[in-house]
């Protein structure tokens with residue numbers, strides 16, 4: 001079987017790693033859709049794989065700190081949306097933690113607890129959840145805890161509201177009085193109202209105990225203009241337009257890396273000879289006037 005191994009640490013033969021295929025060196029110099037900086041690739045990164053018991057640690061960044069970095073922090077994450085938006089790993093870390101704090105991860109029945117593209121693109125949930133291991137152990141533990149809690153809620157369950165507990169309960173339909181039973185080291189014994197999540201009471205819930213609805217909890221906002229410039233595939237097309245010219249005969253993009261202006265189409269079925277400056281068939285006039293520029 002083919003599998004990845006961690007390139008930064010010695011590992012035994014039975015220790016395999018998961019490929020984080022959305023993380024890649026920013027060799028197209030695409031700006032991050034959040035901070036708009038370009039993280040240049042100065043040297044090859046060591047590894048983009050995460051082992052079963054290891055995490056790829058992203059360095060913390062203070063608010064407002066520049067993200068123009070090099071070396072091992074130069075990789076970016078390319079979302080799976082149609083525009084293939086690019087985000088640097090520092091901003092991805094901030095995006096995940098912000099959404100985690102606001103409980104805005106998405107629970108998908110097929111994928112699990114995940115996040116979409118930071119620009120809000122449809123059908124862009126991260127499918128390989130090991131990408132969230134770059135959050136570090138502490139935040140990844142929170143991610144797993146919240147994911148388990150969200151699974152309980154999706155099943156119609158309730159979380160114990162007492163601070164420090166949060167145990168998941170699966171009560172029967174219509175059951176209003178709930179008790180967080182203490183079993184096998186879990187639960188706290190708190191008895192609470194299913195409606196207002198306060199200590200159990202008879203009668204209607206107090207208005208002060210009801211959750212406020214309609215509040216915009218969007219805690220991570222992407223500027224539309226920045227998202228427009230942070231397209232991975234568009235950057236590739238721009239590079240082709242800037243560094244190549246189409247063959248005048250078959251129109252395949254041809255790159256000139258130096259030398260004379262005499263070009264030969266690399267396409268085997270074409271092999272048309274033409275002038276880089278004039279974009280016409282190579283002739284004596286081109287040869288005499290600007291063979292070497």
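Numbering (UniProt numbering), first residue to last: 1 to 293.
Note that CB positions come from ideal geometry on N, CA and C, so glycine has one too.
Given this structure, state the Cα-to-Cα distance separating residue 34 from residue 284, to the nearest angstrom.
53 Å
In angstroms with no decimal places, state the Cα-to-Cα distance between residue 24 and residue 225.
23 Å
What number of angstroms, rounded off, separates the C-alpha of residue 245 from the C-alpha of residue 276?
8 Å
Once DSSP output is grouped into helix, strand and coil, what is the label at residue 54?
In this predicted model, residue 54 has a pLDDT of only 36, less than 50, meaning its place in the structure is not dependable; the value taken from the coordinates is given anyway. It is coil, neither helix nor strand.
Buried or exposed: residue 343, going by 16 or more other Cβ atoms within 10 Å of its Cβ?
Limits of the chain in this structure are 1 at one end and 293 at the other, which puts residue 343 out of reach.
Consult DSSP for residue 210 and reduce its assignment to one of helix, strand or coil.
Here the model assigns residue 210 a pLDDT of 44, short of 50, so the residue's position is not dependable and the matter cannot be decided.
Among the residues of its own chain, which have a CB less than 7 Å from the CB of residue 114, if the five just before and after it don't count?
The residues are 105, 106, 108, 125, 126, 129.
Mark residue 92 as exposed unless 16 or more other C-beta atoms lie within 10 angstroms of its C-beta, in which case mark it buried.
buried
On the DSSP bridge list, what partners appear for residue 231?
85
Kindly indicate the opening and closing residues of the beta strand (DSSP E) around residue 287.
If you look at residue 287, you'll find it isn't in any beta strand (DSSP E); it sits in the alpha helix (DSSP H) that goes 284-290.
Which residue marks the beginning of the alpha helix (DSSP H) containing residue 147, and which one marks its end?
137-154
With a threshold of 8 Å, are at least 3 pairs of Cβ atoms found where one atom belongs to the region 167-177 and the other to the region 189-201?
yes
Tell me whether the beta-carbon of residue 270 lies closer than 8 Å to the beta-carbon of residue 247.
Yes; because the gap between Cβ atoms is below 8 Å, this pair is in contact.
For the beta strand (DSSP E) that residue 74 lies in, which residues bound it at each end?
First-last for residue 74: undefined, no H or E at that position.
Taking all protein chains shown into account, decide if residue 12 is buried (16 or more other Cβ within 10 angstroms of its Cβ) or exposed.
The residue in question, residue 12, is exposed, as its Cβ has fewer than 16 Cβ neighbours within 10 Å.
Tell me which same chain residues have a C-beta within less than 6 Å of the C-beta of residue 79, skipping the five on either side of it?
85, 117, 124
Taking Cβ to Cβ, would you say residue 280 is nearer than 8 Å to residue 266?
no
Where does residue 244 sit, in a helix, a strand or coil, going by DSSP?
strand
Pull up the CB-CB distance for residue 88 and residue 32, whole angstroms please, since I reckon it's below 8 Å.
4 Å
From residue 119 to residue 110, what distance separates their C-alpha atoms?
22 Å
When the Cα of residue 166 is compared with those of 184, 156, 154, 145, which residue comes out closest?
145
So is residue 251 buried or exposed if we call it buried at 16+ other beta carbons inside 10 Å?
exposed
From the DSSP output, read off the bridge partner residues of residue 179.
191
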